[in-house]
Amino acid sequence: MPYRETAMKYPKRRNGSEYYSNSAAEPFLKDENGRERYARDKNGNEIYPRRRHTLFSRNEEGQEYYARDKNGNEFYPCLNGQSVVIPERLAKFANNTQRYPSDAKGNEYYLQHQGKPYLLRQESGETYWAKTRKGVPMIPWNELQVTDNRPYVCTRDAVGNCVYVHETDLPPSLQSICNCLCHCTTICPKVLDLLLKSLV
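Taking the working numbering, the leading residue of the sequence shown gets 38, the next gets one more, and so forth.
Here is the structure:
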């Protein structure tokens, strides 16, 4: 979305970053078409207001929309450690790939629809899996049967959904521990879960 100068401008800090005025009744300024716009940081990325009940700007039709970084990628605001999602609308990357929500550390997670994970789509239309902040794909709980036959281990995503990761995607030290544990006749699921927390 091209940036338009407006008659009214956000106040600026010394470094050039715009910010939202705490004294204003509404956080967002509007352009000549009535579209609310986000403030921008010194690098040109749009930013969400903090300590406000209103997180999202609205377009000319009154619909909420996501902020974008300087490269045109939409992103979610983070509140209480998780992404805030506009109802029935997902953020998208500049290439039109749908974006998974994530926690404050950058670990993506699955939204659910009727008890099943909602798989998001790339620009090509193909679905893809959410990843940990370290780039490890997380296989959703209902997709395990359609994957290859590599060994996998169970863990949880950022919101507690059961997901699986390929053992070969784990760091070598964790692979060794998993191999050892998996060969034991008795295993405590809580211990394995704690070990897998190093993924997130």
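Each residue gets a CB set at the ideal place from its N, CA and C atoms; glycine is no exception.
Under 7 Å between the Cβ atoms of residue i and residue j?
i, j, result
"Pro114", "Tyr85", "yes"
"Gly143", "Arg126", "no"
"Ala195", "Tyr146", "yes"
"Lys79", "Asn108", "no"
"Tyr56", "Pro64", "no"
Can you tell me whether residue i is helix, strand or coil according to DSSP?
i, result
"Glu63", "coil"
"Phe93", "coil"
"Ile123", "coil"
"Glu83", "strand"
"Asp140", "strand"
"Phe130", "coil"
So, is residue i buried or exposed, given that buried needs 16 or more other C-beta atoms within 10 angstroms?
i, result
"Glu73", "buried"
"Cys225", "Bear in mind that a pLDDT of 49 at Cys225, under 50, signals an unreliable position, so the number given afterwards is only what the model happens to contain. So Cys225 ends up on the exposed side."
"Lys129", "buried"
"Glu83", "buried"
"Pro48", "exposed"
Measure the C-alpha to C-alpha separation of residue i and residue j and round it to an integer number of angstroms.
i, j, result
"Gln149", "Asn59", "36 Å"
"Gly152", "Ile123", "20 Å"
"Ala167", "Asn110", "17 Å"
"Gln135", "Leu116", "20 Å"
"Arg77", "Leu156", "31 Å"
"Glu160", "Pro177", "20 Å"
"Thr192", "Met175", "9 Å"
Rounded C-beta distance between residue i and residue j? I'm assuming under 8 Å.
i, j, result
"Gly172", "Asp140", "Not quite, the Cβ-Cβ distance comes to about 15 Å (not below 8 Å), so this is no contact."
"Phe291", "Tyr102", "Outside the displayed range of the chain (38 to 237) lies residue 291, so it cannot be described from this structure."
"Glu97", "Gly71", "5 Å"
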